[in-house]
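S.K.: Protein chains in written order, with the numbering used here: chain A, 1 to 644; chain B, 1 to 644. Backbone N, C-alpha and C define an ideal beta-carbon position, used for all residues, glycine too.
2 protein chains.
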Amino acid sequence: MSAASLLPSKLEGFVRPEFEDTCRRRFFYGLAFDPYGGTAGLYDLGPTMCAMKSNMLQFWRQHFVLEESMCEVDTTCLTPEEVFKASGHVTRFNDVMVRDTVTGECIRADKFLEEWSETQMANSDVTAVQRDEFLHLLHDAAGMNPTQIKAVMDKHAIKSPKGNPFSDPFPFNLMFSTHIGPEGDRVGYMRPELAQGIILNFKRLMDSGNAQRMPFAGACIGTAFRNEIAPRAALIRVREFTLAEIEHFVNPNNKAHEKFDRVRDVEIWAWPRDRQANNEEPMRMKVGEAVDKKIIDNQTLGYFMARVAMFLESIGVRFYRFRQHQTTEMAHYAQDCWDAELLTSYGWIECVGIADRSAYDLTQHSNASKKDLCAREEYDAPRVERQLQRNLTKGLIGKTFGKKAGEVMEFLNTAPAEACEAIREAHAKGEAAAVTLPSGEAVSITDKMVTFAEKDVKVTGYSYTPSVIEPSFGVGRILYCLLEQSYWVRRDEASGKNDKRAVFSFTPLLAPQKVALLPLMVKPELMTTIAELRAELVRRGISVRVDDSGVTIGKKYARVDELGIPFAVTCDFEDDGAVTLRERDTASQVRVPKEEVTDVIVELCNAHSPRTWESVVAKYPAQGAAPPEERTVFERVMDDTYGL
Amino acid sequence: MSAASLLPSKLEGFVRPEFEDTCRRRFFYGLAFDPYGGTAGLYDLGPTMCAMKSNMLQFWRQHFVLEESMCEVDTTCLTPEEVFKASGHVTRFNDVMVRDTVTGECIRADKFLEEWSETQMANSDVTAVQRDEFLHLLHDAAGMNPTQIKAVMDKHAIKSPKGNPFSDPFPFNLMFSTHIGPEGDRVGYMRPELAQGIILNFKRLMDSGNAQRMPFAGACIGTAFRNEIAPRAALIRVREFTLAEIEHFVNPNNKAHEKFDRVRDVEIWAWPRDRQANNEEPMRMKVGEAVDKKIIDNQTLGYFMARVAMFLESIGVRFYRFRQHQTTEMAHYAQDCWDAELLTSYGWIECVGIADRSAYDLTQHSNASKKDLCAREEYDAPRVERQLQRNLTKGLIGKTFGKKAGEVMEFLNTAPAEACEAIREAHAKGEAAAVTLPSGEAVSITDKMVTFAEKDVKVTGYSYTPSVIEPSFGVGRILYCLLEQSYWVRRDEASGKNDKRAVFSFTPLLAPQKVALLPLMVKPELMTTIAELRAELVRRGISVRVDDSGVTIGKKYARVDELGIPFAVTCDFEDDGAVTLRERDTASQVRVPKEEVTDVIVELCNAHSPRTWESVVAKYPAQGAAPPEERTVFERVMDDTYGL
């Protein structure tokens, strides 16, 4: 992608019904609880996607957790209410909903307004002014609050799809709630993200896992739940999904990353917020340059964006871009946020969010739980700092304030410098200082109760609440986008029937099985060879699929292509001690001696091995005529778009 | 374990507080939401256990899914109510609960009665008759219904722990419930097991994944939830946990397993139900013999028990046994059931259940969903069978019964042979037949409406509802038991301080990291070597831990042992081009050339490599004095118990 000058805006030649038919027929995924007619927004993954998911997560662990020495944790989905009260989810994790006042149907207001705007714009008698208004509505609907939505709906007298009046728009919380424990009085939620579970382990990880050294990252792979009002678009908007999240804890005063120089030259497609505002296209840029120019807020954020790009390319993603959030679009506490978006037939889909969440979550949880959730930065050498000393006369305070004495002392020990200064000024005038305690009570503090002094103190470091930089991966979304981006159709013109045969061009890293073992015919002498090859490959950790059904070898290859298996070994009756090894995308075949073929396959599947299919073709004799050159739909898109 | 004559009944020398202190200090696991004081029954896994879990599940996939060509699926936790209504969970997935009528505290009745019985038995003035009664109560409490529990509580006037009267016992459903969708009227449950999700994919897997061949297995790894009344015993009884389940679909008429001969000679500790009833100990037996003698119900069940045994030994489980369920203890539909139990300081813990669930679930779901969930067995050659033909006069039935005609025809087409025979007999007497429809309505059927005839028909096969054989693994429980069974204390007598140092003897397969990289001192020249070794090992998929803190090498080794890392490489300033390689359990050390050490480590960590630590010691020069011979607590238990 590096030489390209423009990103495609859609997947050319992608026929969704054919794609979906293949996915259904081979059970890549399907609605859960199928015999009962399925449940909206709940999907099961079949064996192919399940294996791909496992491969992807294993690589994720290798690429992020192992490579970066992260602390992976496994946290619970069930979460007590106080956690999501502190994080703000109980009050703010809402979508705006409207109800059809006649049928009772619930509809997500922003999505409805978006679709309504598009319909209006497609109307031939719409004026230029109106079109402009609808275009703005289309862009703004997602960020509107209930009052704004009501204003729009009233202005245009918008009715429900059934033609009935809508209720007033109201916020609908997307968390599934339940009760924890037998008493039934303890509300819990199924987590809608993994972040809080990792963040609440910050202290334990720092103390036990990481020998108290900052910065470091926690990581977690797990299930999250959102009670979507309108699930849609297959695996893209669902009610239960797998996330893989990283929470990188860092000193807010220093967000440099020690390995940043290694990724300076990584090139990405970036769509900064001002280019979006100016209707300009995403542009190709180096991560180092983007951080230097402050387009990306800091090195740590940039480092993770580069690592995400490398991850996506390794698993075979062809079209992706980084879109920066608008300042109005970000959470109020966020410092900067970029989404890695992947191209699908539904448009560009947010699959990885890389956000600087600042110190918000740790601060909130520290306040709510009254626990110290700080890290400490030690100076290289002790420094002398002028500090405010507070000398309390505890006896007098106790005698004067009785039961309130604790609160008064707490206040005097922790009041900010300005408050202390005010007390000193009052005392300097010979007056008692009038002070309002956090409880709201006013008390009078005399100079007998407290004195202040500045002293030079030797300080070895300071405490701070870490900022959190969070790359969060939507695992199911990435997999779905990969399916679309890997799908193409081979037209078998040789057969004269103009057969269309689906092919999924998965990388060996992600492919559900690495190799198919195919007997030319189901005869005992061939099945023995197949069984031996299978045992040897499984022993070496290579997943295989044996097709010993009675169909023709051509039909077996079609099945293999349809499952995205990159290599196939066919055993036949030739007495040359060799088998046929076939590559999926080119459909080219070579003869390889039986005793070498597992080594060749292991090397082909190992991303670190120099072995390529070209080198195999160069080394071993070809089998059959050279197949017609084929390109994937995406290769064709790229050719057409970029003229490569 | 094969030569042993007796299983130990407890973990000798296991000091739980010390063990728990190590687990807490190194954050192996901990209560979730720690800053908020934790939530009972919800645990987070820290980096060490998280890595072990990932290693275990990866091996599970290799050992079961890959090796046996199973169809793995990824199914949802959220489940609509109708599924668990059909499976019986809504009515029957209960524990019996009692409530303290004063404090409102909820208590699980069976566990309370068990503890109460034990307390009574420990009472010195208890008679032999009473002791016998309490012993029976201890054994029976788990299976008692509310009425039986009430009788016991009344008889002994049992009070709550606070001395208050109990409420009447009542059933408490253990599923967490929630609402799916914005309307709030659709009840859903968080699944308490994975089985239903796999079983509901039976048809899709058979049609798409497995080319319609029986028998085959579905598999799933995922989270399950149970709202335990009394969570306890660390990770053993929790409210959210990971399961790995297999549902093997098989023709109930033929539960032979094609690979059974491969496991005939696998020896297990088995505790059949009649040995339990006779107060006899578990015994050592070969799986083949146990199936031949019908101690294990069928080959498929026996095959999976043997494969489970092989799995447990591969991951390092030292003490386990298979306990057969009592017939009263099994689910009413179960054919046979064996639990693999692992020994811990809490006693023998059920960790894997291997049950023959018969055709119950598929039958229930087929009835509830009105979908065909059958498989088909084709005969080798067509057979001639005598079949009952039903010839209906649809016009007359329609005219006679009007709106009810459909129900009448459905009845006549599907009525069992005896019912048809009764109709024929009536007709033979020249009478109309009185028939009761499924709706309860009585109708009269004349011989003008239907006639019957027997005909010879060529039949190519038959349909059947498959039986399901289910091995179900409690992932967290297995991990916890492994922690206990791998833990021992090294007494460092040499230091003169009689230091106690915790060691976890995990197998390389499961160890959280395979190797620790330790610079003797934190100097740039050593750190360069460490970085090179690290990069090379990570590239080859070997997880490493670098300890570049300033503590002594002895302290670093202690940390490594405490995390169960099997190998450590120490870099020093010697100019022999070698590094020190140390093995955890023996603490023995050798000097290995730098360029060979990664190969040696990779081989040591590969279960299929012939490389052993003994062969490394034989090949490379020793470093330092030979360490004192050490044995784990468990090795000592085994010596003491078995006199090995």
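Straight-line CA distance for A511(B) to E525(A)?
M.R.: 41 Å
S.K.: Under the DSSP definition of a beta bridge, which residues are partnered with N106(A)?
M.R.: First, the amino acid is wrong: residue 106(A) is Cys here, not Asn. R99(A), per the DSSP bridge assignment.
S.K.: Nearest chain A C-beta to L644(B) closer than 8 Å, yes or no?
M.R.: No answer about L644(B) holds up, because its pLDDT of 41 lies below 50 and its placement is not dependable.
S.K.: By the 7 Å beta-carbon criterion, what residues does the segment 264-286 of chain A contribute toward chain B?
M.R.: none
S.K.: For K594(B) versus V579(B), is the C-beta distance shorter than 8 Å?
M.R.: yes
S.K.: Does any residue of chain A bring its CB to less than 8 Å from the CB of M56(B)?
M.R.: No, because no Cβ of chain A sits closer than 8 Å to the Cβ of M56(B).
S.K.: Which residue comes first and which comes last in the alpha helix (DSSP H) that contains G402(A)?
M.R.: For G402(A), there is no enclosing alpha helix (DSSP H), as DSSP marks it with neither H nor E.
S.K.: Along the segment 598-612 of chain A, what residues have a CB closer than 8 Å to any CB found in chain B?
M.R.: Listed by position, the residues of the segment 598-612 of chain A near chain B (Cβ gap below 8 Å) are H608.
S.K.: Under a three-way DSSP split, which group does Y650(B) fall into?
M.R.: Outside the displayed range of chain B (1 to 644) lies residue 650(B), so it cannot be described from this structure.
S.K.: What is the DSSP secondary structure of D125(A), reduced to helix, strand or coil?
M.R.: Reduced to three states, the DSSP call for D125(A) is coil.
S.K.: Indicate whether P566(A) and R591(A) have their beta-carbon atoms separated by less than 8 Å.
M.R.: no
S.K.: Using a beta-carbon distance below 8 Å, is F59(B) in contact with chain A?
M.R.: no
S.K.: Could you list the residues in the segment 396-429 of chain B with a C-beta less than 9 Å from some C-beta on chain A, going in chain order?
M.R.: Of all residues in the segment 396-429 of chain B, none is placed with a Cβ closer than 9 Å to any Cβ belonging to chain A.
S.K.: Mind checking whether R264(A) and C77(A) have CB atoms under 8 Å apart?
M.R.: No, Cβ-Cβ distance for R264(A) and C77(A) is not below 8 Å.
S.K.: Of all the options D336(B), S314(B) and D261(B), which has the alpha carbon lying nearest to the alpha carbon of K294(B)?
M.R.: D336(B)
S.K.: Run the CB neighbour count on Q324(B), radius 10 Å, all protein chains shown included, and call it buried at 16 or more, exposed below.
M.R.: buried
S.K.: For the putative contact between Y464(B) and E377(B), defined by C-beta atoms under 8 Å, what is the C-beta separation to the nearest angstrom?
M.R.: Contact holds; Cβ gap of about 6 Å.
S.K.: Pull out every residue of the segment 507-531 of chain B whose Cβ sits closer than 8 Å to any Cβ of chain A, in chain order.
M.R.: The residues in question: there are none.
S.K.: Using a Cβ-Cβ cut-off of less than 8 Å, give me the residues of the segment 338-364 of chain A that come near chain B, in sequence order.
M.R.: none
S.K.: Please decide whether D74(B) counts as near chain A, where near means a Cβ-Cβ distance under 8 Å.
M.R.: For D74(B), the nearest beta carbon of chain A is closer than 8 Å to its own beta carbon.
S.K.: State the Cα-Cα distance for the pair G188(B) and V83(B), rounded to the nearest angstrom.
M.R.: If you take the alpha carbons of G188(B) and V83(B), they lie about 9 Å apart.
S.K.: Does DSSP put R376(B) in a helix, a strand or coil?
M.R.: strand
S.K.: For R584(B), would you say it is in contact with chain A, using Cβ-to-Cβ distances shorter than 8 Å as the test?
M.R.: Not closer than 8 Å to any Cβ of chain A, the Cβ of R584(B) fails to qualify, so no.
S.K.: Could you please give the first and the last residue of the uninterrupted beta strand (DSSP E) stretch that includes Q589(A)?
M.R.: Q589 to P593
S.K.: Would you list the one or two residues that DSSP bridges to Q389(A)?
M.R.: A453(A)
S.K.: In the DSSP assignment, find the alpha helix (DSSP H) that holds I158(A) and state where it starts and stops.
M.R.: Careful: I158(A) lies outside any alpha helix (DSSP H) and carries neither H nor E.
S.K.: If you run the structure through DSSP and keep just helix, strand and coil, what is I423(B)?
M.R.: In the three-state scheme derived from DSSP, where H, G and I count as helix and E and B as strand, I423(B) is classed as helix.
S.K.: Under a three-way DSSP split, which group does P8(A) fall into?
M.R.: coil
S.K.: Rounded to whole angstroms, what's the CA-CA distance from P165(B) to C351(A)? Just pull it up for me.
M.R.: About 57 Å.
S.K.: Taking any Cβ of chain A, which residues in the segment 16-27 of chain B have a Cβ under 9 Å from it, in chain order?
M.R.: R24, R25, R26 and F27
S.K.: Let's see if you can read the secondary structure: which residues bound the alpha helix (DSSP H) around D361(A)?
M.R.: Y360 to S369
S.K.: Under a Cβ-count criterion, where at least 16 other Cβ atoms within 10 Å of its own Cβ denotes burial, should K255(B) be classed as buried or exposed?
M.R.: buried
S.K.: What are the start and end residues of the beta strand (DSSP E) that includes G476(B)?
M.R.: Premise fails: G476(B) lies in the alpha helix (DSSP H), V475 to S486, not in any beta strand (DSSP E).
S.K.: Between which two residues does the alpha helix (DSSP H) carrying N606(A) extend?
M.R.: No alpha helix (DSSP H) contains N606(A), which DSSP labels as neither H nor E.
S.K.: Can you have a look at H655(B) and say buried or exposed, based on whether 16 or more other CB atoms are within 10 angstroms of its CB?
M.R.: This structure gives no information on residue 655(B), because the portion of chain B shown stretches from 1 to 644.
S.K.: State the Cα-Cα distance for the pair E562(B) and W271(A), rounded to the nearest angstrom.
M.R.: 48 Å
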